[in-house]
Amino acid sequence: MMRHFLRDDDLSPAELVEVLDLADALKRAPHSARPLDGPQTVAVIFDKASTRTRVSFAVGIADLGGSPLVLDAGSSQMGRGESVADTTRVLERMTSAIVWRTFAQSGLEEMAATSTVPVVNALSDDFHPCQLLADLQTVREHKGRLAGLTMTYLGDGVNNMAHSYLLAGANAGMHVRIGAPAAYAPREDVLADAKARASVTGGSVEVLTDPDAAAAGADVIATDTWVSMGQEEEKALRAATFGDYSVTERLLALAAPDAIVLHCLPAYRGFEIDGPVIDGPQSVVWDEAENRLHAQKALLCWLLARTDAGR
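In structure tokens form, the structure reads like this:
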């Protein structure tokens, strides 16, 4: 059966463990899996600027024996209005998978509905599931487990990172807290899906407006930029709105003594996170960045194995 990865709960709890275990194995032995040997080609499309996604997918595909074909929408026919369906029909005939960093989740869903090769969401306005695979791998490395841990995300509760923390954390059996202003609460449908998954895994989800309460006793503190791509005109407003949710040394002191800190990068020191926190001993941000490579390689291996089995 063709499998795609468009949002965090596209993997079952057991499948999530399979991917994370494989990510750990590939971190220990980077060239131990070569499913793209040949080489086969993977199309990686960027509608949005990127550093970590671009590098980690390009390097990861090469590590797996393949050849990354990096496309920018602005310099391809997609940027001139070619339909998603037509683009998909061309790419699926020449590549083994399609990775797309874009705006609308609906575009990814349209592509996956007809694609005969796996489609991977490398970021959309709604979800960032590849980032969360790396985040969960990092948390498990440092904490030894995921289930039962409390993971708090502070900032914009309606952005793609908050939504992915809800779904991925619930999928892993974690207790997920979103600390955000009331006007920036997560989407109700995402919250409902996360609660449904948490009821199966033993996790929980909670949305709080008090940042101190959200951070209290947490095992993991995570944040993200307050100004995502496309929101630059709102920078001053958002900085004022989210100021109380900044991950400062004072706020981190409210978490568990051995709490770790995540940030998906790029980070803006003095805004969503203080310099002494991201550069401090409780920060695992650089492990998190490296794990994008290992987690995404594992995901591609996992998806390609199921695609080959279904052919």
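Taken in order, the sequence shown gives residues -11 to 299; the numbers are from my numbering. Idealized CB from N, CA, C, for every residue including glycine.
Open item on the list: Using a 10 Å radius around the Cβ and a threshold of 16 neighbouring Cβ atoms, would you call A85 buried or exposed?
Closed with: It is buried - the Cβ of A85 has at least 16 other Cβ atoms within 10 Å.
Open item on the list: Once DSSP output is grouped into helix, strand and coil, what is the label at M66?
Closed with: helix
Task: the region 274 to 294 in contact with the region 42 to 51 per 3-pair CB rule at 8 Å - done: yes
TODO: Could you spell out where the alpha helix (DSSP H) holding D177 opens and where it closes?
DONE: E176 to T189
TODO: From the DSSP output, read off the bridge partner residues of T29.
DONE: S55
- [ ] Determine the DSSP secondary structure at T83, reduced to helix, strand or coil.
- [x] coil
Open item on the list: Give me the DSSP bridge partner(s) of W88.
Closed with: I33 and N109
Open item on the list: Here's the rule: buried if 16 or more other CB atoms are within 10 angstroms of the residue's CB, otherwise exposed. What is Q125?
Closed with: buried
Task: Stretch-stretch touch, CB-based, cutoff 8 Å, three pairs: the region 152 to 162 with the region 127 to 139 - done: yes
Task: A210 in three-state terms, based on DSSP - done: strand
Open item on the list: Check for me: the alpha helix (DSSP H) holding T138 runs from which residue to which?
Closed with: Element bounds for T138: not the alpha helix (DSSP H) but the beta strand (DSSP E), T138 to L142.
- [ ] Mind checking which residues open and close the beta strand (DSSP E) that includes G167?
- [x] Taken as a continuous stretch (DSSP letters only), the beta strand (DSSP E) holding G167 covers H163 to G167.
Open item on the list: I want to know whether the region -5 to 11 touches the region 237 to 249 - three or more CB-CB distances under 8 Å.
Closed with: no
Open item on the list: So the candidates are G263, G143 and A182; which of them puts its Cα closest to the Cα of A190?
Closed with: First, the residue type needs correcting, since residue 190 is Gly and not Ala in the sequence shown. Here the closest residue by C-alpha is A182.
Open item on the list: Using only the alpha-carbon positions, how far apart do A206 and S71 sit?
Closed with: 45 Å
Open item on the list: Do L154 and L179 count as a contact pair if the criterion is CB distance below 8 Å?
Closed with: yes
TODO: Assign E260 to one of two classes, buried (16 or more other C-beta atoms within 10 Å of its C-beta) or exposed (fewer than that).
DONE: Under this definition E260 is a buried residue.
Task: Option in I209, T229 and P254 with minimal Cα separation from V235 - done: I209
- [ ] Please report how far the alpha carbon of A293 lies from the alpha carbon of K223, in whole angstroms.
- [x] 43 Å
Task: Inter-stretch contact (C-beta, 8 Å, three-pair minimum) for the region 61 to 80 and the region 109 to 116 - done: no
Task: Identified DSSP bridge partners for S192 - done: H163
Open item on the list: I need the boundaries of the alpha helix (DSSP H) containing L239, first residue and last residue.
Closed with: E237 to L240
Task: Beta-carbon proximity of G145 to Y172, cut-off 8 Å - done: yes
- [ ] Look up D60 in the DSSP assignment and say whether it is helix, strand or coil.
- [x] Assigned with DSSP and collapsed to three states, D60 falls in strand.
Open item on the list: Closest to D(-2) by C-alpha separation, out of P254, S94, A156 and L288, would be which residue?
Closed with: The shortest C-alpha separation from D(-2) is found at A156.
TODO: For V249, name the three-state secondary structure that DSSP assigns.
DONE: strand
- [ ] Give the DSSP-derived three-state secondary structure of S271 in the structure shown.
- [x] Under the three-state reduction of DSSP output, S271 falls in the strand class.
TODO: Report the rounded CA-to-CA distance for P264 versus W274, giving the unit in angstroms.
DONE: Here the alpha carbons of W274 and P264 stand approximately 15 Å from one another.
Task: Cβ-based neighbour list, E237, same chain, cut-off 7 Å, excluding 5 preceding and 5 following - done: Within its own chain, the residues whose Cβ lies closer than 7 Å to the Cβ of E237, once the five positions on either side in sequence are excluded, are D262, P264 and V265, listed in chain order.
Open item on the list: On a Cα-Cα basis, can you pick out the residue from Q270, G167, C289 and T76 that is closest to T229?
Closed with: G167
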